[in-house]
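Chemist:
In the numbering used here, the protein residues as written are 127 to 375.
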């Protein structure tokens, strides 16, 4: 299995984004319901995934995991064309808006049928842990756009399927960043209190607009889903050639 993802903001980050991540990590670390139960990720490893490029290596190439699992189709990832597209053809930058989502404002967009205030911060169960997640959305001209979802969908031409595009009309426009892990079992009431506190913190701050540029994109070859720096190799999209990349597959 080849564990590779196309990610944004792994490593260096715009200062405002780094500050927001650290602010939320402090809020979690100091929360009365968590105390020492929250373990923050290193700032370096916090990232947003554009699309997973996972697959099984064969003599004919890398079979995309998500086309096979979600649609029962055998598709070989065209990494050379993918890299060329990202370096020379894709329409960047894409601006992501984090925070400042007023619960009483209609943004004409729902994320998984929920208002953006409610989705801006989530606690997601994973194995025996809980993952705190910051979520933003592509934004232009005072409104949410589908730029992130469209980019993920466009990459199907290179035989990559976004794992949340099981059906052709599925939409996943969320750009999310995992902030760490909570090593505890929380009641639903406790999770609601923590989530509300963090959402309120995000609601009252000024909206943060962060552009994703070519220089922010990288392929991450990882051993664990947290993309621990010590075991993750990073290949900046702006610098890598197809031949160089294929040597690592």
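Where a beta carbon is used, it is the ideal one built from N, C-alpha and C, also for glycine.
Keep in mind the model is a prediction, meaning the values are calculated, not measured.
1) Which word fits residue 136, buried or exposed, when buried means at least 16 other C-beta atoms lie within 10 angstroms of its C-beta?
2) Looking at the unbroken alpha helix (DSSP H) that takes in residue 243, where does it start and where does it end?
3) Taking 8 Å as the limit between beta carbons, can you name the residues of its chain near residue 157, skipping five residues before and five after?
4) Quick one: Cα of residue 294 to Cα of residue 161, how far?
5) First and last residue of the beta strand (DSSP E) that includes residue 335?
6) Locate the beta strand (DSSP E) running through residue 190, then write down its first and last residues.
7) As a quick exercise: from 270, 159 and 149, pick the residue whose alpha carbon is nearest that of residue 221.
8) Output the boundary residues of the alpha helix (DSSP H) element that contains residue 260.
9) Relative to the C-alpha of residue 192, which candidate in 185, 340 and 200 has its C-alpha closest?
10) Please confirm whether residue 301 and residue 261 have their CB atoms less than 8 Å apart.
11) Just reading off the beta strand (DSSP E) that residue 304 is part of, what are its end residues?
12) Given a threshold of 16 other Cβ atoms within 10 Å of its Cβ, counted over all protein chains shown, does residue 351 qualify as buried or as exposed?
13) What are the residues that DSSP puts in a beta bridge with residue 294?
14) I'd like the ranges of any alpha helix (DSSP H) spanning at least 4 consecutive residues and lying wholly in the segment 320-374.
15) Rounded C-beta distance between residue 255 and residue 307? I'm assuming under 8 Å.
16) Measuring alpha carbon to alpha carbon, tell me which of 166, 370, 353 and 142 ends up nearest residue 152.
17) Any contact between the segment 333-345 and the segment 180-191? By contact I mean 3 or more CB pairs, one from each, below 8 Å.
18) Tell me the residue span of the beta strand (DSSP E) that contains residue 237.
Modeler: The relevant details are as follows:
1) Here residue 136 corresponds to residue number 10 of the chain shown, with the count starting at 1. Label assigned to residue 136: buried.
2) One-based indexing of the chain shown puts residue 243 at position 117. First-last of the alpha helix (DSSP H) with residue 243: 242-245.
3) Walking along the chain shown from the start, residue 157 turns up at place 31. The residues 164, 320 and 323, in chain order, have a CB closer than 8 Å to that of residue 157 in the same chain once the five nearest residues on each side in sequence are set aside.
4) Working through the chain shown from its first residue, we reach residue 294 at position 168. Working through the chain shown from its first residue, we reach residue 161 at position 35. Taking C-alpha positions only, residue 294 is separated from residue 161 by approximately 43 Å.
5) As a working mapping, residue 335 is identified with position 209 in the chain shown. 334-338 is the span of the beta strand (DSSP E), which, as asked, contains residue 335.
6) For the purposes of this step, residue 190 is identified with residue 64 of the chain shown, where counting begins at 1. First-last of the beta strand (DSSP E) with residue 190: 187-190.
7) Indexing the chain shown from 1 puts residue 221 at position 95. Closest option to residue 221, Cα to Cα, is 270.
8) Looking up residue 260 in the chain shown gives position 134. Counted as a single uninterrupted DSSP element, the stretch harbouring residue 260 is not any alpha helix (DSSP H) but the beta strand (DSSP E) occupying residues 255-266.
9) Along the chain shown, one-based indexing puts residue 192 at 66. The candidate whose alpha carbon is nearest that of residue 192 is 200.
10) Translated into the one-based positions of the chain shown, residue 301 becomes position 175. Translated into the one-based positions of the chain shown, residue 261 becomes position 135. Going by C-beta atoms, residue 301 is nearer than 8 Å to residue 261.
11) For the purposes of this step, residue 304 is taken as residue 178 along the chain shown, with counting starting at 1. Counting along the chain, the beta strand (DSSP E) containing residue 304 begins and ends at 300-304.
12) If you number the chain shown from 1, residue 351 lands on position 225. The residue in question, residue 351, is exposed, as its Cβ has fewer than 16 Cβ neighbours within 10 Å.
13) Here residue 294 refers to the residue found at position 168 of the chain shown. As DSSP reads the structure, residue 294 sits in no beta bridge.
14) Those alpha helix (DSSP H) runs which fall completely within the segment 320-374 and span 4+ residues are 368-372.
15) To locate residue 255, count along the chain shown from 1; it is residue 129. To locate residue 307, count along the chain shown from 1; it is residue 181. At roughly 5 Å, the Cβ-Cβ gap stays under 8 Å, so residue 255 and residue 307 are in contact.
16) The count along the chain shown starts at 1 and reaches residue 152 at position 26. Nearest C-alpha to residue 152: 166.
17) Look at the beta carbons and you see the segment 333-345 not touching the segment 180-191: under three pairs across the two are nearer than 8 Å.
18) Stepping through the chain shown from its first residue, residue 237 is reached at position 111. Note, residue 237: premise wrong, no beta strand (DSSP E); not H, not E.
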